[in-house]
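In what follows, a single structure is set out as structure tokens and then discussed.
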Amino acid sequence: MPKVIVIMPAYNAEKTLEKTFHDIPKDLVSEVILGDDCSSDRTVEIAKRLGILVLKTPRNLGYGGNQKMLYRATLEHGADVIVMVHPDWQYDATKIPEMVAPILAGRVDLMMGSRVKGQGARRGALAGGMPFYKLISNRFLTFVENLVFRLKLSEYHTGFRAFSRKLVKTIPFEQNSNDFVFDTEVLAEAAAAGFAAGEVAIPCRYFPEASEINFWRSTVYGLQTLLVCGKYLLDKNRYKR
Ligand SMILES: Nc1nc2c(ncn2[C@@H]2O[C@H](COP(=O)(O)OP(=O)(O)O)[C@@H](O)[C@H]2O)c(=O)[nH]1
Ligand SMILES: [Mg+2]
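Given below as structure tokens:
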């Protein structure tokens with residue numbers, strides 16, 4: 001039986017963690033690991049009560065730093081497929097089997113949960129409550145990223161992804177940013193290594209606890225994403241091991 005490990009990079013997720021965990025199909029998933037980036041709420045207490053393995057960052061490292069710790073752990077624990085989902089219940093974890101199947105079948109090494117695929121940006125993302133400015137930047141950045149990375153994705157900024165062990169072992173994720181742009185760098189590295197990607201349509205869900213990133217943080221993230229695109233065009237070997 002292949003080993004599927006779910007990782008959740010968490011920061012103050014007490015209100016949504018249990019709901020997210022509840023949606024994870026336990027028959028398919030061998031292990032759930034939560035990375036706690038020094039939350040100041042009851043995230044760790046709730047995770048332990050739910051039987052989730054908790055790993056703690058030594059200090060507040062940021063979203064990317066938290067994920068580095070988690071990918072390292074999944075390799076050590078012998079994962080065949082790694083699913084990353086945010087613990088803020090923004091993404092539909094009941095879709096994990098559809099995310100994992102194409103990887104287990106050997107068709108692709110990367111799967112993305114897309115809030116746009118099959119439903120369009122307006123009926124998907126906007127109807128689900130994505131703020132208009134985030135939708136516009138999501139569309140613009142995705143357009144640019146498709147030209148640069150050529151992964152043919154309907155969106156690049158989802159917090160619901162699945163990877164093969166081979167992909168995680170191949171990409172030099174340790175050199176990535178500790179900030180949110182970590183996620184973009186992972187896709188640049190997957191593209192540079194020549195991995196193919198697939199997508200699963202997921203509903204878009206926005207509510208106060210699901211999105212704490214403000215306009216300023218989002219703008220910095222958008223600019224950093226464009227910088228990754230520029231660096232990739234200049235020399236994509238920097239995203240290879
Ligand atoms: N380590 C760390 N993680 C964070 C921070 N802020 C948010 N996160 C995590 O990053 C993910 C995305 O943040 P979120 O506010 O949901 O952004 P959005 O849904 O993309 O608008 C969530 O899983 C959060 O738990 C932070 O300051 N530090
Ligand atoms: Mg969110």
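Take the sequence shown: its letters are residues 1 to 241, numbered as in our numbering. The beta carbon of each residue, even a glycine, is placed where N, CA and C say it ideally should be.
Going by the C-beta, is residue i closer than 6 angstroms to any heavy atom of ligand 2?
i: D179; result: no
i: D92; result: no
i: D251; result: Absent from the structure is residue 251, since the part of the chain shown begins at 1 and ends at 241.
Candidates the options: which alpha carbon is nearest residue i's?
i: L234; options: S164, W216, V148 and A73; result: V148
i: Q323; options: P203, L226 and R49; result: Lying before the first or after the last residue shown, residue 323 is absent from the chain, which here runs from 1 to 241.
i: L226; options: F195, P102, N214 and L141; result: L141
i: K169; options: N214, C229 and H77; result: H77
i: R49; options: Y63, E18, Y221 and K56; result: E18
i: T74; options: K3, L28, Q119 and D36; result: K3
i: D27; options: E212, M1 and F132; result: M1
i: A196; options: K231, L153 and N214; result: L153
i: E212; options: K236, Y63 and R165; result: Y63
i: N176; options: R59, Y71, G35 and A93; result: Y71
i: V144; options: L55, M8 and Y232; result: Y232
i: L214; options: G198, R150, P131 and S164; result: Sequence inspection shows Asn at residue 214; the Leu mentioned does not correspond to that position. That would be P131, whose Cα lies nearest to the Cα of N214.
i: L55; options: I136, W216, G230 and I7; result: I7
i: P58; options: T16, A79 and G35; result: G35
i: N178; options: Y221, G51 and A79; result: Y221
i: R165; options: A125, D80 and A101; result: D80
i: D61; options: P102, T16 and P9; result: In the sequence under discussion, the amino acid at residue 61 is Leu, which differs from the Asp named in the question. Closest option to L61, Cα to Cα, is P9.
In chain order, what residues of the same chain have a beta carbon less than 7 angstroms from the beta carbon of residue i, not counting five sequence neighbours either side?
i: K134; result: S218
i: R139; result: A121
i: E174; result: K68
i: E14; result: D41, R42, T43 and I46
i: V228; result: V181, T184, E185 and A188
i: E155; result: S114, R115, V116, N138 and T142
i: Y11; result: D37 and S39
i: A93; result: T20, D23, I24 and V85
i: R238; result: K231
i: Q119; result: A201
Keeping to the same chain, check which residues put their C-beta closer than 8 angstroms to that of residue i; ignore five residues upstream and five downstream.
i: V200; result: K95, E98, M99, M111, M112, G113, S114 and K117
i: K240; result: P172, E189, A192 and A193
Counting only the same chain and skipping the five closest in sequence on each side, list residues whose C-beta sits under 6 angstroms from that of residue i.
i: Q224; result: V181
i: A127; result: none
i: E31; result: I5
i: L151; result: A191 and A197
i: L53; result: I33
Are there any heavy atoms of ligand 1 lying less than 6 angstroms away from the beta-carbon of residue i, as far as the coordinates show?
i: I212; result: Per the sequence shown, the amino acid found at residue 212 is Glu instead of Ile. It does: the Cβ of E212 is within 6 angstroms (strictly closer) of some heavy atom of ligand 1.
i: G113; result: no
i: Y133; result: no
i: N138; result: no
i: D23; result: no
i: N237; result: no
i: Y11; result: yes
i: D27; result: no
i: G35; result: no
i: G64; result: no
Please confirm if the stretch 102-111 is in contact with the stretch 206-215, defined as three or more CB-CB distances below 8 angstroms between the two stretches.
Below 8 angstroms, too few C-beta pairs join the stretch 102-111 and the stretch 206-215 to call them touching: fewer than three.
Any chance the stretch 78-85 sits against the stretch 147-161, with 3 or more Cβ pairs inside 8 angstroms?
Counting Cβ pairs under 8 angstroms, three or more are found: they touch.
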